[in-house]
Every structure is written in C-alpha cells, then in structure tokens.
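Chemist: Position 181 of the sequence shown, counted from 1, bears residue number 737 in my numbering, the numbering being contiguous throughout.
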Amino acid sequence: MKRPTFADLSIFFVKYAFNTRFFLAGLTRKSKIGHKVIDKLLFEDDEIIVIPNTINLNKNENKKTVKKIPIEKKIDESKSSFLPTEILKKAVSESKNVAIMHNCICRTSNNCKDYPHDIGCIFMGPAVKRIPKHLCKEVSAEEAIEHINKADAAGLSHLIGRNKIDSVWMNVGPKEELLTVCHCCPCCCLWKVVPNLEDDIGDKIEKLEGVNVETHSEKCNGCKLCIDSCFVKAISFNEETNTIEIDQNKCRGCGKCVNICKKDAISINYTQQSVDAILDRIKNLVDYTK
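(1) Just the Cα atoms here: how many angstroms apart are residue 662 and residue 774?
(2) Measuring CA to CA, which of 796, 686 and 653 is closest to residue 561?
(3) Drop a sphere of 10 angstroms on the beta-carbon of residue 641, count the other beta-carbons inside from all chains shown, and report buried for 16 or more, exposed for fewer.
(4) May I have the straight-line CA-CA distance separating residue 681 from residue 688, to the nearest angstrom?
(5) Just the C-alpha distance for residue 564 and residue 718, rounded to the nearest angstrom, thanks.
(6) Would DSSP call residue 716 helix, strand or coil?
(7) Fully enclosed by the stretch 635-681, which beta strand (DSSP E) runs are 3 residues long or longer?
(8) Assuming residue 741 and residue 817 make a contact with CB atoms under 8 Å, what is their CB distance in whole Å?
(9) In terms of residue numbering, what span does the beta strand (DSSP E) encompassing residue 767 cover?
(10) Quick one: what's got a C-beta closer than 6 Å to residue 707's C-beta in the same chain, skipping five residues either side?
(11) Excluding the 5 residues flanking residue 801 on each side, which residues of the same chain have their C-beta closer than 6 Å to its C-beta?
(12) If you draw a straight line from the C-alpha of residue 652 to the C-alpha of residue 833, how long is it?
(13) If you count every other CB in all the chains shown that lies within 10 Å of the CB of residue 863, and 16 or more means buried, which is it?
(14) Tell me the rounded alpha-carbon separation between residue 735 and residue 702.
(15) Determine which residues share a DSSP beta bridge with residue 825 and list them.
Given below as structure tokens:
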C-alpha cells in the first residue's frame, strides 16, 4: 500500500474541516490566541487581489466572449477592450513554471452542484516543481490561458496573490515561492469566511485598483439574488426604497453580483490601470518568472 503523503493527509483534513471554516475564522475575532495562531499558520504576509469576471459585461450587446491575448504580446493599455483577466494571462505568459490543480478542493469538499469541479487553481513560481504530481499537472502558458477562459465562461471570479495556506497544505514552502490563482464560485469559495475574519486578516483580500461596483435602483426588482452571491456580505436590501445597496468599504469587486443580476441593476466599472504596475506588485510577493 502506498504511504500517504503530507498533501494527502492535508486534503483529508481540509475536506473534513471545510464546513467548519466559518467557525475557525470566527476564532480570529473571539480569541487573541486564536487570532495569532491562525494568522501565523495560514495568512502571514498574505496579499491577494480580486480579479473580477467581466465576461457578462455588455450583456445587452450579446458580447459574452472572453478576449484572448497572444502569448508574449504586451497588452496595449490604451485600448478600451482591456479585460481585468488579462492581468492573469500576462502573468501566466511570463511565468517559468505553471501548474493546474486537477480539481477545485473547495467545490469538491462542498460537493458543489452548480459549478464544475475540474476548474482548479493555477499555481506559478519555483514551488510548482515541488507540488505532488497527483495534485497538479504542469502546463504550458497556452494551456493555462485556456483554463482561465474556461473559468471565465463558467462564471467564476478570480483571486491572485501569495496565499500561505496553499504552501502549507501542499508542504511546498516557502510561501514566497508560490503564487496562487483561484477561480471562485459564489457558493463554495473559501474566502466567504472574510466577514468572519478579524479585519486585519480579511483586509489581505483586496479589490483590484480602479474597480467600482454601482447599483441602478430604477432597474432593481428586489429579487435579492445578488445578496446571496456576495462572498463578503457587502450587499444589503433597503426595505424603505425596495432596492439593494452596496457597502463600498466591504466590496471586493469580484463581479459575481453583476453576472447574476438579470435586470442589469448592477454594473462594474474599471479604469484603465497599468497592467505592468500591477504585475510588478505581484512579483514583489512571488517572483514567478524564476
């Protein structure tokens, strides 16, 4: 019988403990010791940026396709056709080592019925070489970009950054050598625990600079689907005006509420930011080009 690896034991524990994640996150607010231990073990020096899924923008024009960019081509930041997910594609095209996880551990642990289990995380950086082969497969930049397109088409939002929890459960530290790209659904995303985490930990999950989510009350029919889709509980319903409201201090700009709204009562806007500046910031966390 094959001896189980550390990662195998970690997966068993994660699947067993997944549905207790809200309780565990709440300990960071209730206990100083719990806060210190959980932050040290799982979130120390994390910095994660939310990349919105904007595939369903311009729905009325039936433009539901994802723009593909050629490998190694510099993104022209003066063009209005820029999509936030191009940040991910640019990072992938520059990365020396890229791997895709066979399955999403969050969706498999939660037995998700609404989103595909086979759209797993993308990992980049020197630590990729140390990831057990039965968890991930190393891929080309083209394969990784196609994976991002697949995640976009499935309605998933993205997170990119240094996520210590991944280097811990796969035992591939140090954390400075692993960059994670998550493809998150509104029902199973691990980061739904953000409202339960103490603010100094939850704030490590950041909105992409230049992104803004707005409501259009005249179009809202009060269905409240957007409230359930928000993983940080930034959306509430105003009973007096019979419309939804967004707390901009909580909103991470993931775009899930925009994609789920059938009345176009919510829109997401983003200014033309410097892709290279964002990538430089990410490279300061993990130099994925090595």
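Here a beta-carbon is modelled for each residue, glycine too, at the ideal position from N, C-alpha and C. Since the model is a prediction, treat every value here as computed from it, not as a measurement.
Modeler: Result, derived from the coordinates:
(1) Within the sequence shown, numbered from 1, the residue matching residue 662 stands at position 106. Within the sequence shown, numbered from 1, the residue matching residue 774 stands at position 218. For residue 662 and residue 774, the distance between alpha carbons rounds to 36 Å.
(2) Here residue 561 refers to the residue found at position 5 when the sequence shown is read from its first residue. Out of 796, 686 and 653, 686 has the C-alpha closest to the C-alpha of residue 561.
(3) Within the sequence shown, the letter at position 85 stands for residue 641. Buried is the call here.
(4) Along the sequence shown, read from residue 1 onward, the residue named residue 681 stands at position 125. Along the sequence shown, read from residue 1 onward, the residue named residue 688 stands at position 132. If I take the Cα positions, the gap works out to 15 Å.
(5) Here residue 564 refers to the residue found at position 8 when the sequence shown is read from its first residue. Here residue 718 refers to the residue found at position 162 when the sequence shown is read from its first residue. Going by the C-alpha atoms only, they are around 22 Å apart.
(6) Numbered from its first residue, the sequence shown carries residue 716 at position 160. Three-state DSSP puts residue 716 in a strand.
(7) 654-657 and 678-680
(8) As a first step, residue 741 must be located in the sequence shown, where it is residue number 185. As a first step, residue 817 must be located in the sequence shown, where it is residue number 261. Not really, about 16 Å apart at Cβ, beyond 8 Å.
(9) By one-based count along the sequence shown, residue 767 stands at place 211. That run of the beta strand (DSSP E) goes 767-771.
(10) In the sequence shown, residue 707 corresponds to position 151, counting from 1. The answer, listed in chain order, is 675 and 739.
(11) In the sequence shown, counting from the first residue as 1, residue 801 sits at position 245. Answer for residue 801: 792 and 794, listed in chain order.
(12) Within the sequence shown, the letter at position 96 stands for residue 652. Within the sequence shown, the letter at position 277 stands for residue 833. Going by the C-alpha atoms only, they are around 20 Å apart.
(13) Not covered by the structure: residue 863. The range shown for the chain is 557 to 846.
(14) Walking along the sequence shown from the start, residue 735 turns up at place 179. Walking along the sequence shown from the start, residue 702 turns up at place 146. Looking at the two C-alpha atoms, the distance is approximately 18 Å.
(15) Counted from its first residue, the sequence shown places residue 825 at position 269. For residue 825, which the question treats as bridged, DSSP gives the partners 768.
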